[in-house]
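Scroll down for the structure; my scribbles are underneath it.
Number of protein chains: 2
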Amino acid sequence: MKNNCVEGRSEFNKLNEFSDYLKIIADINRLKILCLLKKGERCVCNINEPLGLRQNLTSHHLKALRDAGLVLTRRDGKWVHYRINTEKLNYLNELYNEIISRQ
Amino acid sequence: MKNNCVEGRSEFNKLNEFSDYLKIIADINRLKILCLLKKGERCVCNINEPLGLRQNLTSHHLKALRDAGLVLTRRDGKWVHYRINTEKLNYLNELYNEIISRQ
DNA sequence: GTGAAATATCAAGCAATATTGATATGATAT
DNA sequence: ATATCATATCAATATTGCTTGATATTTCAC
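Chains as they are written, first to last, in our numbering: chain L, 1 to 103; chain F, 1 to 103.
Laid out in C-alpha cells, this is it:
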C-alpha cells in the first residue's frame, strides 16, 4: 500500500470519508449546532431557539449530523436530546491530523 | 465577549472563517491537490496529470485554494509552481483544534 | 514576429444541497 | 380519545458550486 494521496485503495477511501465529514461540518448552521452540543446534551428546541433557526431546518441538519454519526440521540418523553458522538469525533480528529495537520 | 459559539462578534467571525476554510478543503479534488502539495512544490501539469483532472478544472481549484490563502505560487518560465502556505495552514489547524478537537 | 507549451479565465450546463411551507408522527396530559 | 407539544418528514424552490468547452494570456524557442 502506497503512502500517498493518489494511489492505494485505502488512502482513497480515507480521503473520501474525510471529505464527507468535512462537507457535513462545513455548513455554518451545523457548525453552530456542534458548538452548542460541545457544551453538553440538548433537546431540539434548545438548539434552534438560541441559533434562531426554524424547527424543521434544525431537524434537517440534525438528521445530517446523525446520519454522519457525529451525534447521538436519546428520547425523553416528548423531547429528543442530541449529544456529540465523542468516539466518532475523536476518530475523525485523528483523520484530520493524519491528512491535514501532520508535517 | 462571551466564550461560546452563539454570541460574541469575535466567535461569530471565527466560525464563519472556519466554515469557509472547511468548504474549501471539503472538495475531494482540492483535498487530493493539497495531499500532493504536502509532499512538496509542484507545477500545474504535475498536479492534474497524476490526479486525472482536466487542466482547466485543476486551474480552477488551484485558484480557489489560492484565493483562500492555502497555497502560494511561484512562476518559473512557462511553469507556475504551487506550494502549501504553511503559516496559514498552521493557523487554520489551530482553529480546528479550538473549535472541534478540544474537550 | 510566429508558433507552441503551460496556465488562466469565462460562460453555460448541471448536480448537490440549503431553505421553506405544509403536514405527519409520537408522546403526554386531561 | 382529544388536544397539545416536540420533533420529523416531504415536496418545492432557491442557491451554491462543480464541471465542461471554448478561448485568452503568458512565456519561451525558433
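Just so you know, even glycine gets a beta-carbon here, dropped at the ideal spot from N, CA and C.
When secondary structure is reduced to three states using DSSP, residue 53 of chain F falls in the coil class, being assigned neither helix nor strand. The distance from the Cβ of residue 70 of chain F to that of residue 85 of chain F is about 6 Å, consistent with a contact at the 8 Å cut-off.
Shown here, residue 72 of chain L sits in a strand according to DSSP, grouped into three states.
In this structure, the straight-line span from the alpha carbon of residue 60 of chain L to that of residue 30 of chain L is close to 10 Å.
The beta-carbon of residue 53 of chain F is placed no less than 7 Å from the nearest beta-carbon of chain L. Residues of the region 28–61 of chain L with a Cβ closer than 8 Å to any Cβ of chain F, in chain order: 28, 31, 32, 34, 35, 36, 38, 39, 50 and 51.
Within chain F, the residues 96, 97, 100 and 101 have their CB atoms less than 9 Å from the CB of residue 93 of chain L, given in chain order.
Interface criterion met: the Cβ of residue 19 of chain F is under 7 Å from a Cβ in chain L. Contacts with chain L at 7 Å (Cβ-Cβ) include residue 23 of chain F.
Between residue 46 of chain L and residue 55 of chain L, the CB-CB gap reaches or exceeds 7 Å.
Closest in alpha carbon position to residue 11 of chain F, among L:10, L:17 and L:36, is L:36.
As DSSP reads the structure, residue 82 of chain F sits in a beta bridge with F:42 and F:73. Taken atom to atom, the span from the alpha-carbon of residue 14 of chain L to that of residue 88 of chain F is near 24 Å. Excluding sequence positions up to five before and after residue 32 of chain F, its CB lies within less than 6 Å of the CB of 51, all in the same chain and listed in chain order. With contacts defined as CB atoms closer than 7 Å, residue 26 of chain F and residue 19 of chain L qualify as a contacting pair.
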